[in-house]
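Below is one structure, written out as structure tokens; comments come after it.
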């Protein structure tokens, strides 16, 4: 072959190797808006009011520290090293990363050897056997080396590697999504538990007040001022409240057990001391909708799987083209150890091989149609995930804004009900009202106090859910770079 012909052959090989069949990937568009509908007006955080900022400042990586609770911080730090669900997700990521290495190996030739030593004796009754020319017993000493390399003319190998990398990135985003969910779940369980402590404190204080009211009613009855019915009413009110106080312990125990499991501990080895929750939602920078696409790991995971599905279409189309393999075999073969490693014992063979499926009954077409359908499904999932993220942010922005106003109104209701209870007790002591009015005032006051605590719980939960909806300080820059997935 002349130098020009050789150069032309090399050029053609390089040109063909640069071809990649299938669609070029571009990130699908998603519906978005310039601002969030439920965003509250920008203002300073005064008098404990919640006024988040829509600026570009993002949440810190350890977002739970914005609550300023040392006990919560200590618990959150135990999630990553101890949670078993996270360990499963981390192993799945390592598995996906190993798949990249596995598929990347196809870029290099495969070299194998299978040495063997055989002793062969031909039958003396074999037809056309010339005994002198063909001894009855011979030896075969073989040391072969086989080399095989698939020329990636149509990008099949490159598409496979790219799909594996995108799956690894999606697995990393899945890991981040799970981590965010578990940290948020711990924070919510923590606030729920200490909200129950606050409920328990109010009920305990109420039991003391009702015990004193029962004593007062009993004294009035013994003095002939009150009826026996009033004593029974006071006793019933006290017993009912004691039962409610006892019942709080059931939910508290369940939340404590749930936190223990999140930390990878048996519930018997974990205990949280009682502490009444007294907290306000912190300022949370929520940004603009366009930044949300870069801060949600579940959105990043869905987008990476769209890219992977796009590569699968390329792989399906590459199946229509022939597979070209360069193979070579070389080695030494002799009849004994004496002539096995001699120069005449050498052998070799080299050459390309092309394989093309001529007819398959429509399997390749069906495979390609399936890949295209899967791509459409992943695009729809990506857009749905994005819309769900927008909804979650809007829901919790609205919850925080509305609950802030409700908390102010409920505080007024608590103060009014306390005034009503004081007035009712004074009128009862003075003999103006019956104990029925006192019971009504007591019920109203207790209900308002418990409602105020419940609103505080809902505000704290909504703030955690907003942090989760915003991605908890995560960004797409946290995904493993393509260059690192080698």
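Residue numbers (our numbering): 1 to 486.
Backbone N, C-alpha and C define an ideal beta-carbon position, used for all residues, glycine too.
- By the neighbour-count criterion, in which 16 or more other beta carbons inside 10 Å mark a residue as buried, residue 155 falls on the buried side.
- Between the alpha carbons of residue 296 and residue 470 lies a distance of about 7 Å.
- Taking the CA atoms as reference points, residue 403 sits about 16 Å from residue 278.
- The count of Cβ pairs closer than 8 Å, one atom from the segment 315 to 325 and one from the segment 364 to 377, reaches three, so the stretches are in contact.
- Take residue 200, set aside five residues on each side of it, and the residues of its chain with a beta-carbon closer than 6 Å to its own are 248, in chain order.
- When the beta-carbon positions are compared, residue 473 and residue 81 stay at least 7 Å from each other.
- Here DSSP, grouped into helix, strand and coil, assigns residue 333 to strand.
- The secondary-structure analysis by DSSP pairs residue 323 across a beta bridge with 355.
- An exposed status is given to residue 432, since fewer than 16 other beta-carbon atoms sit within 10 Å of its beta-carbon.
- When the five nearest sequence neighbours on each side are left out, the beta carbons in the same chain lying within less than 7 Å of the beta carbon of residue 460 are those of 191, 279 and 281, in order along the chain.
- Judged by DSSP in its simplified three-state form, residue 350 adopts strand.
- Between residue 420 and residue 444 the beta-carbon gap is near 7 Å, inside 8 Å, which marks them as a contact.
- Here residue 26 is exposed: its Cβ has fewer than 16 other Cβ atoms, across all protein chains shown, within 10 Å.
- Looking at 210, 85 and 385, the one whose alpha-carbon comes closest to that of residue 265 is 85.
- The C-alpha of residue 298 lies about 35 Å from the C-alpha of residue 273.
- Counting other Cβ atoms within 10 Å of its Cβ, residue 449 reaches 16 or more and is therefore classed as buried.
- Residue 343 counts as exposed, since fewer than 16 other C-beta atoms from the protein chains shown sit within 10 angstroms of its C-beta.
- Taken through DSSP and simplified to helix, strand or coil, residue 38 comes out as coil.
- Judged by pairs of C-beta atoms under 8 Å, the segment 176 to 186 does not touch the segment 201 to 213, as fewer than three such pairs exist.
- Annotation for residue 433: no beta strand (DSSP E) segment contains it, and DSSP assigns it neither H nor E.
- Residues of the same chain with a CB within less than 7 Å of the CB of residue 339, apart from the 5 flanking positions on each side, are 345 in chain order.
- Per DSSP, reduced to three states, the secondary structure at residue 151 is strand.
- For residue 179, the uninterrupted alpha helix (DSSP H) run begins and ends at 156 to 222, by DSSP.
- If you look at residue 29, you'll find it isn't in any alpha helix (DSSP H); DSSP assigns it neither H nor E.
- Residue 457 is a Cβ neighbour of residue 195, given a cutoff of 7 Å.
- For residue 111, the enclosing beta strand (DSSP E) starts and ends at 110 to 113.
- Within the DSSP secondary-structure output, residue 118 pairs in a beta bridge with 140.
- Approximately 6 Å separates the beta-carbon atoms of residue 115 and residue 142; this is inside 8 Å, confirming the contact.
- Judged by beta-carbon spacing, residue 300 lies beyond the 7 Å limit of residue 378, meaning their Cβ atoms are not closer than that value.
- Taking 7 Å as the cut-off, the beta carbon of residue 311 is found closer than this to the beta carbon of residue 163.
- Rounded to whole angstroms, the Cβ separation of residue 262 and residue 186 is 5 Å, and the two are in contact under 8 Å.
- When the five nearest sequence neighbours on each side are left out, the beta carbons in the same chain lying within less than 8 Å of the beta carbon of residue 226 are those of 217, 220 and 435, in order along the chain.
- According to DSSP, residue pairing for residue 477 in a beta bridge does not occur.
- Relative to the Cα of residue 275, the nearest Cα in the group 70, 117 and 24 belongs to 70.
- Checking the DSSP bridge columns, you'll see residue 360 has no partner listed.
- Going by C-alpha positions, residue 386 is about 29 Å away from residue 367.
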